[in-house]
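Numbering-wise (our numbering), the sequence shown opens with residue 59 and increments by one.
Beta carbons are placed, not taken as given, at the ideal position from N, Cα and C, and that holds for glycine.
Have a look at the structure below, then the notes.
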Amino acid sequence: MRYPLVLSTLLLAVAPALAAAQQPVVDPAFLPSSRPDFGNRLALCVLTDGPTARIDRIAARDLADVLLMEPHVVDLPTGGIPREGAGVWPEIRIALQSKCMGVMGAQLSETGGILDWLTVTQPYLARPYVLLSDDGGDLADLAPDARIGVPLYTPVDRALVTLIAAVGRFEDLVRIPYDRPAVARALLDAGDLDAVVLWEPHLDGAAFSDRPDTLMRGDLAPLNLPPRDVAILLPRRDTNLRVILDEAILALRAEDSWPEKENSQ
Numbered sequence: 059m060r061y062p063l064v065l066s067t068l069l070l071a072v073a074p075a076l077a078a079a080q081q082p083v084v085d086p087a088f089l090p091s092s093r094p095d096f097g098n099r100l101a102l103c104v105l106t107d108g109p110t111a112r113i114d115r116i117a118a119r120d121l122a123d124v125l126l127m128e129p130h131v132v133d134l135p136t137g138g139i140p141r142e143g144a145g146v147w148p149e150i151r152i153a154l155q156s157k158c159m160g161v162m163g164a165q166l167s168e169t170g171g172i173l174d175w176l177t178v179t180q181p182y183l184a185r186p187y188v189l190l191s192d193d194g195g196d197l198a199d200l201a202p203d204a205r206i207g208v209p210l211y212t213p214v215d216r217a218l219v220t221l222i223a224a225v226g227r228f229e230d231l232v233r234i235p236y237d238r239p240a241v242a243r244a245l246l247d248a249g250d251l252d253a254v255v256l257w258e259p260h261l262d263g264a265a266f267s268d269r270p271d272t273l274m275r276g277d278l279a280p281l282n283l284p285p286r287d288v289a290i291l292l293p294r295r296d297t298n299l300r301v302i303l304d305e306a307i308l309a310l311r312a313e314d315s316w317p318e319k320e321n322s323q
């Protein structure tokens, strides 16, 4: 199955054609297509600024173990990369050519596109969107004119737009989009939001790990959204590697606690 994707550190609604104009170094397209021989090491990059970085490390090591390979986790910081232009894609391409065989932490989405030199594995993680509010209820428990922060360019954002547009119980809800959890937290602290929709992994991130006790978790009923999947990003040419990783992921997913086993940290 072919999944469009969004990398976990950014919402990459960008035009790859701008890469040549924005990239200050050699365009990755002109770099060698070969990469180092990693031998028996399963070299996987982890986006250190991503919301699933901790779980990604666990998954990378467990995948190496089940494949009888040596785990080799490579940190890939992306927090300082500008969102404009090509975004993180040049860094991802360089990493896949010189540092690692795959990149952990790619959020899968039902919309958007995937660059023609990329592919993704089976999902190794699935997490829902949650609603944070003072009462911990669902959308129906909010005031009719409640102000709701919602992550921009996400399935839940599109679903909420549709819900508000329909004449009925939720038509007076006020949607306030945000592009980063830190922005949502700032709006909450300023009293500009009554509730916020958050992807569950962001609950443990810097912006919300110290959230007030009065901010309680609820769900998004009546919206019925599937959890958001996370997979490994690979060069499209690595068909055999994708098949091997898919099989390992499916085997590990049969374990109820994977990939968040405490003893794997």
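Quick test of the definition: if touching needs 3 or more C-beta pairs under 8 Å, does the stretch 222-232 touch the stretch 294-305?
Not touching, per the Cβ criterion.
Applying the criterion that 16 or more other CB atoms from any shown protein chain within 10 Å of the CB defines a buried residue, is VAL232 buried or exposed?
VAL232 is exposed by the Cβ-count criterion.
I think ARG115 touches VAL131, with their Cβ atoms under 8 Å apart; what is that distance to the nearest whole Å?
Sure, about 6 Å apart at Cβ, within 8 Å.
Look at LYS157 and ALA101 and say whether their C-beta atoms are less than 9 Å apart.
The answer is yes: Cβ separation under 9 Å.
Could you say which of CYS103, LEU105, ASN98 lies nearest to ASP123 if we only look at CA atoms?
If we check each option's Cα against that of ASP123, ASN98 comes out closest.
Of the choices MET274, THR110, THR272, whose alpha-carbon is the least far from that of TYR182?
Checked all of MET274, THR110, THR272; the closest Cα to TYR182 is THR110.
Checking the sheet assignment: what are the DSSP bridge partners for ALA184?
Its beta-bridge partners are ASP287.
Anyone know if the C-beta pair for ASP215 and GLY276 falls short of 9 Å?
Contact flag unset, no.
How is the beta strand (DSSP E) around VAL131 delimited, first residue to last?
That run of the beta strand (DSSP E) goes 128-134.
Hey, quick one: how far does the beta strand (DSSP E) through ARG233 stretch, first residue to last?
Element bounds for ARG233: 232-236.
When we look at the beta-carbon of ALA153 and count the other beta-carbons within 10 Å, is it buried (16 or more) or exposed?
ALA153 should be labelled buried.
Taking the alpha carbon of ARG269 as the reference point, which residue from ALA118, GLY195, ALA240, LEU210 has its own alpha carbon closest?
The candidate whose alpha carbon is nearest that of ARG269 is ALA240.
Identify the residues that DSSP records as bridge partners of THR179: which are they?
Answer by DSSP bridge pairing: none, since THR179 is not bridged.
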